[in-house]
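Taking it in order: structure first as structure tokens, then the write-up.
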Amino acid sequence: MRYLCFFFISFLTQICPLQACSYAYQYSLFPMGLSGDKLILIEVEMERYVNTPDAGIPRPRYERPIEISVRWKGNLKLRAWNLSSQRLETEILSEIANQIDIDDKTYHEELRPYFQQGYEMAEKLPFFKPSTLPLVGNCRYDISCTFLKKEIDSISPNLYFFINKEEYKDKKIKVEFPPILLQKFENMSKQNFSDMETVANQSQVEYFKSWKAHSVRIYEINGLKFAFYSFGWGQRRFYTGTKSTDWEFPTVGNIGEYVEGNDVLFHGQRFDMIQIL
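As numbered in numbering that gives the first Met the number 0, residues 0 to 276 make up the sequence shown, in order.
Here it is as structure tokens:
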């Protein structure tokens, strides 16, 4: 199983031409604020695809080439993350947008009204305290990134990341993959990844090696600090993102104006995790 991840990438490129396919999946979380003991989040789950109008229909050579567009489709929900259990609650507070379909070029502009809507919904919850975003470290899948460090325990095995900052040196997060990602990998690799405990250690380690840090966002809400980690994997082909050389300090009005999520590698996947600091 040493080349398990390479097999998966090869499989994807065979079923989808490099020049045309831009498939990707993202599961992203954005905290709007606190309501009592619950962190109120916008949950974004979307898939990237290429829209080719009239694909497969023969056309005269003199006609202009068919214009293709890279798009995202999926949904946005308002969810609650329980501070005590540190888990998402099963109840969905609201369906902000269901089955939306937007262009990657206008991703931020098209999603911003939905984020604002989610923030306004959160604002009406009891004892609501809005979140602020004072610090962001962008790794952009670069293994030399200094904001987040990766650690693989090959014995257990487990995958960890930690923030490379003195005040958080004792904080380390164990990566827990969303079931949907493991299922997608299982479908491609024919390995039983939906039940990780049954997968051979070496196969798990090879899988962990493919994952890289995209970013860490540090939010402050009513005296508490939360780290929102983004991890991803995929091919860097056609990817132009570059890591930041220093921590960034985003300037936004209310937190509902901060829209992110479409920075996913070619054929890639990306997801977020939360940690109380």
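Ideal Cβ placement from N, Cα and C applies to all residues, glycine included.
No experiment lies behind these values; they were computed from the predicted model shown.
When the five nearest sequence neighbours on each side are left out, the beta carbons in the same chain lying within less than 6 Å of the beta carbon of F207 are those of I151 and L158, in order along the chain.
Secondary structure note for E259: it is in no alpha helix (DSSP H), with a DSSP letter that is neither H nor E. Per the DSSP secondary-structure output, T131 pairs in a beta bridge with E219. Excluding five sequence positions before and after K170, the CB atoms of its chain that fall closer than 8 Å to its own CB belong to F161, I162, A226, Q274 and L276, given in chain order. Under the three-state reduction of DSSP output, S188 falls in the helix class. With respect to the 8 Å criterion, E88 and N81 are classified as neighbours on the basis of their beta carbons.
Going by beta carbons, Y113 and H213 fall outside the 8 Å limit.
When DSSP states are grouped into helix, strand and coil, T197 belongs to the helix group.
Taking C-beta atoms under 8 Å as the contact rule, L132 and Y257 qualify, at a distance of about 6 Å.
Taking the CA atoms as reference points, A199 sits about 43 Å from R111. Just measuring C-alpha positions, the residue of P249, S27 and S21 sitting nearest D102 is S21.
Under DSSP, I99 shares a beta bridge with G73. Pairing V43 with G260 gives a Cβ-Cβ distance under 8 Å.
Nearest Cα to L264 within the set F237, F248, I41 and S83: F237. Residues of the same chain with a CB within less than 6 Å of the CB of A23, apart from the 5 flanking positions on each side, are R47, V263 and G267 in chain order.
E247 has its alpha-carbon roughly 21 Å from the corresponding atom of E108.
When DSSP states are grouped into helix, strand and coil, Q85 belongs to the coil group. Judged by beta-carbon spacing, G255 lies beyond the 8 Å limit of M45, meaning their Cβ atoms are not closer than that value.
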